[in-house]
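Chemist: Residue numbers for the sequence shown, in our numbering: 3 to 306.
All residues carry an ideal CB built from backbone N, CA and C; glycine is no exception.
One structure, as structure tokens, below. Some questions next.
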Amino acid sequence: TLKGCYTKEISYMLWSEIRRIESNRDSIVEYATDDINTKPIPVIKNNNSTEIASSIRRYLGLTTPLPTKSSFGSNPFNYYRNIIERNGIIVAQVSGVEIEEMKGLSIYFDSYPIIAINNKDYDRSKVFSLFHELAHIFRRSSSLCTIDVDEHSDQEEQICDRIAAEALMPEIPFRQIANNYIATTSVIDPNCVERIAGRFGVSSLSALRRMYETRIIGQKVFFDLLQVVTEIYNSNIKHIEALRKGKNIPVHYYVKYLNQNGYLLPRTILVAFAAGKITHGEMCKAFGINSKHIGNIEQAVMFK
């Protein structure tokens, strides 16, 4: 964890979610065909964060920043998630678990390693958690990560933070974009930080830390802005919870299913059925849902 050692009793809900995700992986392994793209995670024999981050970008075919903020679509987490899953890494989301208990987790396997992110988190914040866990996967260091806004993380977590930051926000283009935005304003404020963050699809908190790490801003400016940006983050979390409790926005079942399980599992099952590897009944059983939802899931994952 970000504390170095997870001493609290893990909740029943979290254990249940971990077992569910591991069961999904078992199904992927069972039904996978040659049509599902997988690549072995490269072996990196040093702790150089920049080299590992470059390896991640090459592995994913990732190019950041994108030309505009809108290039990520409405949800940058789903944008990055789709790229990672298309390379054979499972990205699921857990539900019913407090962020203080778990922000992200990773379980390394030689094929179909697992990343899981807490669904209660803010979408932009999920992006950094996603790449932090991806760093654990590349380092073969399975992890359960909580929140630690202070700089008291153990060495492994600090390394994974640096890898995630460099993979998402490579220093040279990040400095160029940040300095360009700063040049257009008379003050570095939360709005300026948010605009910089938007070009990389990350949270303002992640961008602010990166600005400090790359010496774009000094310690005083960093800590002056940190409190405000953290308050904005907490406000976003509360807004998400309010929307969930209010249930004002109806969400289709297939959207909930894909948010929870990702695209790799249903894509694997559907490809196996199309290849004649499993029957229609076996496909429905593998999904574990009412068959009336499968058509919508198929359109979402196979024709995107």
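Please go through the same chain and pick out, in chain order, the residues whose beta-carbon is closer than 6 Å to the beta-carbon of Y235, but skip the five residues on each side of it.
Modeler: Closer than 6 Å at Cβ, skipping near neighbours: L207.
Chemist: So, with DSSP's three-state summary, where would you put I54?
Modeler: Three-state result, I54: helix.
Chemist: If you measure between the beta carbons of S205 and R83, is that distance less than 7 Å?
Modeler: No.
Chemist: Reducing DSSP to helix, strand and coil, say where V231 ends up.
Modeler: Note: V231 maps to helix in three-state DSSP.
Chemist: Is it right to say H254 is buried, meaning 16 or more other beta carbons lie within 10 angstroms of its own, or is it exposed?
Modeler: Per the 10 Å Cβ criterion, exposed.
Chemist: With a CB to CB cut of under 6 Å and the five nearest residues on each side skipped, what residues in its chain are close to A118?
Modeler: So the list reads I23, A94, V96, L107, once near-sequence residues are dropped.
Chemist: Going by C-alpha to C-alpha distance, which of T35, V223, P44 sits closest to P268?
Modeler: Ranking T35, V223, P44 by Cα distance to P268 puts T35 first.
Chemist: Do the CB positions of I198 and Y183 come within less than 7 Å of each other?
Modeler: Contact: yes.
Chemist: When you measure from the CB of L132 to every non-hydrogen atom of the ligand MG, does any distance come out below 6 Å?
Modeler: Judged by which ligands are present, the structure shown has none, so any question about the ligand MG falls away.
Chemist: Beta carbon of I299, beta carbon of M285: below 7 Å?
Modeler: Contact flag unset, no.
Chemist: Using DSSP with H/G/I as helix, E/B as strand and the rest coil, what is I46?
Modeler: Three-state DSSP puts I46 in coil, outside helix and strand.
Chemist: For G6, is the classification buried or exposed, using 16 other Cβ atoms within 10 angstroms of its Cβ as the cut-off for buried?
Modeler: In this prediction, G6 scores a pLDDT of 39, lower than 50, which makes its location untrustworthy; no coordinate-derived value is stated.
Chemist: Flag this pair as yes or no: are the beta carbons of R201 and I179 separated by less than 7 Å?
Modeler: Yes. Within cutoff.
Chemist: Look at the alpha carbon of E32 and the alpha carbon of G290, and state the distance between them as a whole number of angstroms.
Modeler: Roughly 15 Å between the two C-alpha positions.
Chemist: Report yes if the CB atom of A55 is closer than 7 Å to the CB atom of E168, and no otherwise.
Modeler: Yes, the Cβ-Cβ distance between A55 and E168 is below 7 Å.
Chemist: Could you please give me the residues that DSSP links to S95 through a beta bridge?
Modeler: A small correction: the amino acid at residue 95 is Gln; Ser does not occupy that position in the sequence shown. DSSP, once it has assigned bridges, lists I119 as partnering Q95.
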